[in-house]
Structures are given as structure tokens and as C-alpha cells.
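Worksheet for the structure shown next.
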Amino acid sequence: MAAHRSGDDLEYDAEEEAEEEDFIEEEEDVGDGEGERRNRVAGTASTGRTITLQMLLDADILQPGEGTMSIEYLGQRFMGDLMTDGKIKSLETDLVFASPSAWAIHCKRIINPEKKSGCGWASVKYKGRKLDNFKNAYFKKRSLNQNKENECTDEEEMELKPPAPVPIIRIVVKHNVLGNRSTMHDPNTLVESTPFSSMGKIQPFLVSMATNAALVMDFHCHLTTSEVVGYLAGQWDVNAHHLAITHAFPCRSRLSDQEMVPIVENEIKKAIRQKRLMLVGWYHSHPTAPATPSLRDIDAQLEYEIHMKGSSDANYTPCVGVICSPYNKDSISLESSVVSYWVIPPPENRPHEYGRPMLMSYSVMQDQYLSADTLNEIKNCAEYYKGDQDLVKFNEKYKGQVSYLDKLKTTLSSKFPRDQTEGTLWDYLSELVCPGSTGVTQPPQVNSLPTPLPISIPATPKASSLFTAEIANALFATGKFPSPASLIGLSAMFPPAPPSSLSILKPLVPPSPSKMMKMDAQFTIPDKNHTITSGHT
Numbered sequence: 001m002a003a004h005r006s007g008d009d010l011e012y013d014a015e016e017e018a019e020e021e022d023f024i025e026e027e028e029d030v031g032d033g034e035g036e037r038r039n040r041v042a043g044t045a046s047t048g049r050t051i052t053l054q055m056l057l058d059a060d061i062l063q064p065g066e067g068t069m070s071i072e073y074l075g076q077r078f079m080g081d082l083m084t085d086g087k088i089k090s091l092e093t094d095l096v097f098a099s100p101s102a103w104a105i106h107c108k109r110i111i112n113p114e115k116k117s118g119c120g121w122a123s124v125k126y127k128g129r130k131l132d133n134f135k136n137a138y139f140k141k142r143s144l145n146q147n148k149e150n151e152c153t154d155e156e157e158m159e160l161k162p163p164a165p166v167p168i169i170r171i172v173v174k175h176n177v178l179g180n181r182s183t184m185h186d187p188n189t190l191v192e193s194t195p196f197s198s199m200g201k202i203q204p205f206l207v208s209m210a211t212n213a214a215l216v217m218d219f220h221c222h223l224t225t226s227e228v229v230g231y232l233a234g235q236w237d238v239n240a241h242h243l244a245i246t247h248a249f250p251c252r253s254r255l256s257d258q259e260m261v262p263i264v265e266n267e268i269k270k271a272i273r274q275k276r277l278m279l280v281g282w283y284h285s286h287p288t289a290p291a292t293p294s295l296r297d298i299d300a301q302l303e304y305e306i307h308m309k310g311s312s313d314a315n316y317t318p319c320v321g322v323i324c325s326p327y328n329k330d331s332i333s334l335e336s337s338v339v340s341y342w343v344i345p346p347p348e349n350r351p352h353e354y355g356r357p358m359l360m361s362y363s364v365m366q367d368q369y370l371s372a373d374t375l376n377e378i379k380n381c382a383e384y385y386k387g388d389q390d391l392v393k394f395n396e397k398y399k400g401q402v403s404y405l406d407k408l409k410t411t412l413s414s415k416f417p418r419d420q421t422e423g424t425l426w427d428y429l430s431e432l433v434c435p436g437s438t439g440v441t442q443p444p445q446v447n448s449l450p451t452p453l454p455i456s457i458p459a460t461p462k463a464s465s466l467f468t469a470e471i472a473n474a475l476f477a478t479g480k481f482p483s484p485a486s487l488i489g490l491s492a493m494f495p496p497a498p499p500s501s502l503s504i505l506k507p508l509v510p511p512s513p514s515k516m517m518k519m520d521a522q523f524t525i526p527d528k529n530h531t532i533t534s535g536h537t
């Protein structure tokens, strides 16, 4: 292929000129002679051979935009930007293609090297709709312009309207089908978490979650149709191999608002320190997608596990990821799907593979009292999202005759503490998210005492302890390591962190195989960024 530099991008001439001519022939066919019939009606000699993306842009049928172009082929999805000059820029490779066919043949040959041809107009979509539809709209619009005496019919007006966005169907894949890392992989690809039992292993440590923490997290995730994130704090009992999640700290900041990051993180850092808790994990929502980690979530979680490593295997502190899916309509239950996962790095002999997400079973520990901290977090979250465009309208229907408010009650009621069984707490929460629903504006009585840890902590079998050492060795191999770092990464709480602080609100790069298997004494985080959010909606 012929390629040359154009600014920061590579621009493809899409094969040799002779082969490109074949591509053009394919993309010029309107299909079933429809374009030619429309041209004859219009009384012009022009045919479908004159249609280009630039012409559709000039006619205001298409508009330039990021991520507006897509190709789906053999289960893989490719995305591209429509540029102002009618060319397509691949989001995966930054290559620029002169025509839809040039881009289509390039993408298909990545998946199927034997592919010899392909019709761009038939396989490329603009905002989820095939380009053929817009070509037909172009002919209609041109016909109308040349025959001004004919009034536009409702059908023609509908044809020229921008298409409604097509919901993306998320498919969960197994880890063993991923193979090696590739720039062609969609980082939002969902990967099934593997149970330890399927590997003939026992879960290396126990996980429990207090209902007060689960209540805050679930309430936070239900408020908005956008993705949210937060921190999890609690205690780690190294002798019992038990990780207790007792508190959830929502990040009340838009993921794109980097100016608020240090402010939000400083508040959370102070709260964790004042309560003498440990940072034990993080959570985020998949608003309508399954509670399954994406490739991006896997990389982020593994990076956090590396940073939570102590000075030796004996000081290793676990860090779990939790995903909450509040509005996945494929779920038969009205309760949120809440999944905890952990990531094992690829084996040493296959360092270019993705880390494997492991399903972490956890027990829910019902709190005796509603704490003041829990109620404050809930009130602050409701206040923060009030009036936002993506705030869930709880008085509307969620599914069938079930409203969003009904769903919220179902999922939160199971997480209420034992002293809130009379309905007072729900009446207050209902009024917070749906004013006028109950009229109860007075918050329920809370307990100011600190939340106690579970009294009975089951012991971890010896086999599980051995597996913990195996994972620690695989994660950290040999060498010197920094003191334990938090997800927040603020120096006031821990020893000096690397130049780029680790944060779930700040972009990260996937950990390189060499970093995972052999870390240098001078531990740094690469400067190049990627967004940690999964993009699941």
C-alpha cells in the first residue's frame, strides 16, 4: 500500500490506483438501479458514479464528527471520524482513508487477510445507519431542488432527518478468545470474569461488604444515566485473609472535569484518614450494560493492584474492583447487579495477553444502624446531580408498569440497616429523588457511633494462602517496590508517589507486560493517557 504523512496522521491511498478504481466501482453502485431511476426522474445525466462523501457533506446530509463512522465485520467493530474534506480517519490507527471502500477493505483484511474486495457504501455506517440510506436521501433532495413545484412529502422529510442513534449491543466474550493485545480491540469489549473454582483454585481471600457501603454505592449509580465512580474503604485482616468493605465514597465530579479532581480526591483522602480506614478498592457503574469488566477496566484494575503492593509479599494489600449495573433491562431482577472482580496478570510465557478478570465472591454484612456518614453521602449525591440533564426521571416508567422509583425502592430496601425497617428511610430517599412523592423531608434518626467490623471472621484455608503467594509472585516478581500507594496517590497520606498520581478520576495507560512481570527499582507511570471509564451506557 502507498502511504504518506499528512500532519500527525497517515493517509492511505488505499491500494494501487488500479485497485482503488475497483473500490470506487463498488461504492458507486446505489443498489437495484435505484440511483439511476432517481436520476432519470430528475432529468439529469449524472449517475451514482458522481456520489462522494464530500458531496453528501456539501448537501448537508452528513455532518463531520468524531466517531460518526463505523464498520461491523465478523464480530469486530471499527470506528472512524468523518472529516470536513470527506475523508475518514480511523480511531484505531489514525490512518486517513479517501473513501468508504478504502476504509472497509482495510478493516476487513485485518480480520480476514483473504478478503479481496468489499463495498464501502454497503458496509460502512454513519451514526449507526448505512451510507446507502444517505445516498438515496441525496438523490431525493436533488430531485426536490430541481422540481420546486413538487411539495415535500412527510416520507421525504423523514428520509432527510438525521437518524436516531442506534443502541450498541454489548456482547460479553470469554477471556480465552482475546489472544494478544491489539490496537484493533475495542477497549470497551466486555470480558467474562472467571470463577476461581473453574481453575481448581480457592478464592485467595474473603470479601465482605457492609450494607451501608452498598447502599451509598447503589444509590449513587441509580441517580444518573452517565457512568459514575467512587472509592471503597475498610479494613484488611492479613491473618484471616479477609477484606472488609465498610464505606463507599462517591466521586462527585464529572469524569471530564479534571479541575475538580484534586478537590474531590482531597476530601475523600481526609475522610479515609479521619476514620482510620484503608483504601481497599474502587467502584464504577455500567448504567445499562452488564456488570462485567471491559478491557479498559481490566487494565485499570491491574494497575491499581500493582500500586497497592507493599514493600514485600507479606505486606501485600488487596484491591478489588466493583461494578454496579443499575439499568440493564436484560436483567430479570429489579435489583442492581453488583459484581466484584480481581485481575490476574498474563503468564510469564504469554506476556502480551490481557490480564484475566477473576470473579470475587463476597458476603453482605447487614449494619445494625444507619450511620450519619451514610446519610450525608446520600444527601450530597442527590444534591450534586439535581437539575442535570442526565438525571434519571424517577417518576417515569422503567419497564412495563414499573417506575424508576419502584425499581429504586426494590434495590435499596435489601441494603437498609436493621434499625430502618419501618419505612422512614425510604420515605426520605423517595422525596430526595422525586420531590412530592412522599412529602417526608425530615431525615431519619442516625447513629453517630463508628461502624463495627464483623465479629465473626471465617478463616481462610491453607490452600488459599498458598494461592495468594502465587499471585503475589506473578504480580510483582522480584525487585524493590515503593511503599503502599492508594488509588488517590496523595503524598500527605502515603510516602511520595510517582510523578503521575494514580487515580480513578485520572487517565491511565494499560500496564505493559514488562512492567507487570519485572518492575524496575525506579517505578514510574507512563505519561501517555487513556480514559479509565468504560464507556458503558
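Residue numbers (full-length UniProt numbering): 1 to 537. All C-beta atoms, glycine included, are put in the ideal place defined by N, C-alpha and C.
{"Asked": "Taking the beta carbon of Ile263 as the centre, do at least 16 other beta carbons fall within 10 Å, making it buried, or is it exposed?", "Found": "exposed"}
{"Asked": "If we count the other Cβ atoms within 10 Å of its Cβ and call it buried at 16 or more, is Asn188 buried or exposed?", "Found": "buried"}
{"Asked": "Quick one: give me the first and last residue of the alpha helix (DSSP H) that Met308 is part of.", "Found": "No alpha helix (DSSP H) holds Met308; DSSP gives it neither H nor E."}
{"Asked": "Three-state secondary structure (DSSP) at Leu91?", "Found": "coil"}
{"Asked": "Determine the DSSP secondary structure at Asn112, reduced to helix, strand or coil.", "Found": "coil"}
{"Asked": "Can at least three beta-carbon pairs, one atom from the stretch 130-138 and one from the stretch 74-89, be found at a separation below 8 Å?", "Found": "no"}
{"Asked": "Per the DSSP calculation, Phe249 is bridged to which residue(s)?", "Found": "Tyr231"}
{"Asked": "Could you give the C-beta distance for Val172 and Pro290, rounded to a whole number, given that I count them as a contact under 8 Å?", "Found": "6 Å"}
{"Asked": "Under a Cβ-count criterion, where at least 16 other Cβ atoms within 10 Å of its own Cβ denotes burial, should Met199 be classed as buried or exposed?", "Found": "exposed"}
{"Asked": "Roughly how far, in whole angstroms, is the beta-carbon of Tyr362 from the beta-carbon of Met217, given that I think they are within contact range, below 8 Å?", "Found": "No, Tyr362 and Met217 are not in contact; Cβ-Cβ is about 12 Å, not under 8 Å."}
{"Asked": "By a C-beta neighbour count over all protein chains shown, 10 Å radius and 16 as the cutoff for buried, is Ser182 buried or exposed?", "Found": "exposed"}
{"Asked": "In angstroms with no decimal places, state the Cα-to-Cα distance between Ser340 and Val402.", "Found": "28 Å"}
{"Asked": "Within the continuous beta strand (DSSP E) that includes Arg77, where are the two ends?", "Found": "76-82"}
{"Asked": "Restricting to Cα atoms, I'd like to know which of Trp342, Asp186, Asp60, Arg296 is closest to Thr93.", "Found": "Asp186"}
{"Asked": "Leaving out the 5 sequence neighbours to the left and right, which residues in its chain are closer than 7 Å to Thr374 when beta-carbon positions are compared?", "Found": "Asn212, Leu215, Val216"}
{"Asked": "With distances taken Cα to Cα, identify the nearest neighbour of Leu408 among Glu422, Glu431, Gln389.", "Found": "Glu431"}
{"Asked": "Between which two residues does the alpha helix (DSSP H) containing Lys393 stretch?", "Found": "Counting along the chain, Lys393 falls outside any alpha helix (DSSP H), and DSSP gives it neither H nor E."}
{"Asked": "Does the beta-carbon distance from Gly281 to Asp297 come in below 8 Å?", "Found": "no"}
{"Asked": "Below 7 Å, is the gap between the Cβ of Thr288 and the nearest heavy atom of the ligand NAD?", "Found": "This structure does not include the ligand NAD; it has no bound ligands of any sort."}
{"Asked": "Just to confirm, is the Cβ distance from Thr68 to Leu91 under 8 Å?", "Found": "no"}
{"Asked": "Which whole-angstrom value describes the C-beta separation of Leu334 and Val446, a residue pair presumed to lie in contact below a C-beta threshold of 8 Å?", "Found": "Actually they are not in contact, since the Cβ atoms of Leu334 and Val446 sit about 27 Å apart, beyond 8 Å."}
{"Asked": "In whole angstroms, what is the alpha-carbon distance linking Tyr126 and Arg170?", "Found": "19 Å"}
{"Asked": "Quick check on the DSSP output: the alpha helix (DSSP H) that includes Glu377 runs from which residue to which?", "Found": "372-385"}
{"Asked": "In the structure shown, what three-state DSSP assignment does Thr224 receive?", "Found": "strand"}
{"Asked": "Rounding to the nearest angstrom, what Cα-Cα distance links Trp121 and Asn145 in this structure?", "Found": "24 Å"}
{"Asked": "Can you name, in chain order, every residue of its own chain whose Cβ lies under 8 Å from the Cβ of Ile268, other than the five neighbours on each side?", "Found": "Tyr231, Phe249, Cys251, Ile488"}
{"Asked": "Cutting at 7 Å between CB atoms, please list the residues of its own chain near Asn180, excluding the five before and the five after it.", "Found": "His352, Glu353"}
{"Asked": "Starting from Glu265 and walking both ways along the beta strand (DSSP E), at which residues does that stretch end?", "Found": "Segment 261-274 is the alpha helix (DSSP H) holding Glu265; no beta strand (DSSP E) there."}
{"Asked": "Take the Cβ of Asp299 as the centre, count every other Cβ of all protein chains shown within 10 Å, and call the residue buried at 16 or more, exposed below.", "Found": "buried"}
{"Asked": "Do you know how far the Cα of Lys87 is from the Cα of Leu57?", "Found": "11 Å"}
{"Asked": "Distance, Cα to Cα, His241 vs Pro195?", "Found": "18 Å"}
{"Asked": "Taking the C-alpha atoms as reference points, what is the distance between Gln301 and Gly400?", "Found": "37 Å"}
{"Asked": "Drop a sphere of 10 angstroms on the beta-carbon of Val177, count the other beta-carbons inside from all chains shown, and report buried for 16 or more, exposed for fewer.", "Found": "exposed"}
{"Asked": "CA-CA distance, Pro357 and Thr292?", "Found": "9 Å"}
{"Asked": "Which runs of the alpha helix (DSSP H) spanning at least 4 residues fall entirely within the stretch 290-365, listed in chain order?", "Found": "295-307"}
{"Asked": "Buried or exposed: where does Lys393 fall if 16 or more other Cβ atoms within 10 Å of its Cβ makes it buried?", "Found": "exposed"}
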